[in-house]
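Structure first, commentary second.
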Amino acid sequence: VAALCGWPARERRALPQRCEGPCTMAKTKKRDRARIEAEAKRDRDRAERESKRMLAQEEGEQTLAAIMEEQASLRKQNKKRAKKVMAARATAVEAEESEEDDAAASDEEYDSDVEALRRIRAVQAVGEAGELDGGDAEENGEADGSEDEEAIEEDLDTLMLERLDDFQLKLPFSETMAVVADQPLELENAHDDLTREVEFYKQALNAVKAGRKMLDRAKILHYRPADYFAEMIKSDAHMARIKQNLLFEKKKMEAFEQRKKQQEYKKFAKKVQAEKIREKASHKAKAKDLALEFRSKNKEIMGEKGKPKPNPRRAAKNQKYGVGKSSASRRNTAESVGSMFKRDTPNKKARRGGRR
5 VAALCGWPAR ERRALPQRCE GPCTMAKTKK RDRARIEAEA KRDRDRAERE SKRMLAQEEG
65 EQTLAAIMEE QASLRKQNKK RAKKVMAARA TAVEAEESEE DDAAASDEEY DSDVEALRRI
125 RAVQAVGEAG ELDGGDAEEN GEADGSEDEE AIEEDLDTLM LERLDDFQLK LPFSETMAVV
185 ADQPLELENA HDDLTREVEF YKQALNAVKA GRKMLDRAKI LHYRPADYFA EMIKSDAHMA
245 RIKQNLLFEK KKMEAFEQRK KQQEYKKFAK KVQAEKIREK ASHKAKAKDL ALEFRSKNKE
305 IMGEKGKPKP NPRRAAKNQK YGVGKSSASR RNTAESVGSM FKRDTPNKKA RRGGRR
């Protein structure tokens, strides 16, 4: 290591075992520099995090303060609104009381007017009766009384119409939204519910059309805007529950209808299957009858038991070679092997054993 570091040979002996030369010092400085930079970086990161945390805390405090101020302003506005509502209610109550007082006073005036009119009519009737003779007065008393009553009723009607004109509100249509039908309802039978409701519907429809025309003439908007969304009376969660219940009922009805159809299909399938079985049995019976008829007509071709006669060539070969012998019958036996050496029966051919 000393040689690599460039130390002289005579100074190498005095060096310790661990080299503290310039290369080691450079590495140590490099490590120290890297450690210092890493610590400085950690300190910077810690300071940045602390500053961000402080900023976030300040922003949260500011938003909380803004929310508190907004809530306080809303409370003030609600208090002012409540005061206004209470004042409006008080004024409305006072107005109603004043209207009741005015109505009571007008009723008293009306009663007094009616009583005065009756007295005037009675005085006039008495005067006319005094001018007439006694006999004529007795004969025409009842007729005069009926005429006076009719006149009083007519006068009362006129007075009522005059009083109606006095306290009738003369406001524009936009304030009252009241439409009076041009023609009264004409019903042959007022107890016929369907006809009566249809006439009501027609009258209301005509009133709506007339009201829309009056609103258009007054240039008052009465159509809902396309971007207007009214607040629902029921919440979305409530409507979702209602929708879920409706879907459940719908699925329940569909399942019931499906089960009903399946039962009908099963009944129909059973009927079809029974019909097919009957058809198959009838076809089988017909085929059997045809076969028996064919056999009875062709007894020469068929055998005694109704089966066809075998082919004579096939019968001869079966008799000569056998029919359906197993493999065990074709194996060599002692007799078959001994027959190969017997010459006593020259007419009989020796039979070889084994398979061919």
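Per our numbering, residue 5 is the first one in the sequence shown, and the count goes up by one each step.
By construction, the Cβ of each residue, glycine as well, lies at the ideal position given by its N, Cα and C atoms.
Query	Result
With burial defined as no fewer than 16 other Cβ atoms inside 10 Å of the residue's Cβ, what is the status of A147: buried or exposed?	Caution applies to A147, whose pLDDT of 49 falls short of 50 and renders its modelled position unreliable; the value that the coordinates give is listed next. Label assigned to A147: exposed.
Taking just the CA atoms, how far does K247 sit from K274?	40 Å
Is the Cβ of Q187 closer than 8 Å to any Cβ of chain B?	Although the question refers to chain B, the structure presented lacks it and comprises just one protein chain.
The alpha helix (DSSP H) with A230 in it runs from where to where?	That residue, A230, is in no alpha helix (DSSP H); it is neither H nor E in DSSP.
Put M164 into one of helix, strand or coil per three-state DSSP.	helix
Consult DSSP for D196 and reduce its assignment to one of helix, strand or coil.	coil
Compute the Euclidean distance between the alpha carbons of D231 and G64, then round it to the nearest angstrom.	36 Å
Go to K290, then tell me how far its alpha helix (DSSP H) extends in each direction, as first and last residue.	240–301
To the nearest angstrom, report how far apart R4 and A51 are at their CA atoms.	This structure cannot speak to residue 4, because the chain is shown only from 5 to 360.
Work out the CA separation of R79 and T67 for me, nearest whole Å.	18 Å
Taking the alpha helix (DSSP H) that P316 falls in, what are its first and last residues?	316–325
Taking DSSP as the reference, what is the three-state secondary structure of R85?	helix
Taking 8 Å as the threshold (C-beta atoms), are A222 and S178 in contact?	yes
Thinking C-beta only, is D117 closer than 8 Å to L173?	no
Answer yes if the segment 231–245 comes into contact with the segment 188–198, meaning at least three C-beta pairs across the two stretches below 8 Å, and no otherwise.	no
So for E143, helix, strand or coil by DSSP?	Residue placement at E143 is poorly supported in this model, since its pLDDT is 49, which falls under 50; the coordinates still yield a value, given next. Reduced to three states, the DSSP call for E143 is helix.
Taking A241 and A211 to be in contact with their CB atoms under 8 Å, please state how far apart those CB atoms are, rounded to whole angstroms.	The Cβ separation is near 39 Å, so there is no contact.
What first and last residue would you give for the alpha helix (DSSP H) that runs through A234?	Element bounds for A234: n/a, residue is neither H nor E.
For the alpha helix (DSSP H) containing A338, list its first residue and its last residue.	338–342
In whole angstroms, give me the CA-to-CA distance for D169 and V89.	33 Å
Which first and last residues belong to the alpha helix (DSSP H) in which E179 is found?	177–180
Taking only the alpha-carbon atoms, compute the straight-line gap between K352 and R317 and give it to the nearest angstrom.	The predicted position of K352 is uncertain, since its pLDDT is 49 and thus under 50; a value taken from the coordinates is nonetheless stated next. About 24 Å.
Measuring straight from C-alpha to C-alpha, what distance separates A76 and A69?	10 Å
Suppose you measure from the CA of E101 to the CA of E112; what does that come to, to the nearest Å?	16 Å
Measuring only the C-alpha atoms, how far is G215 from A244?	37 Å
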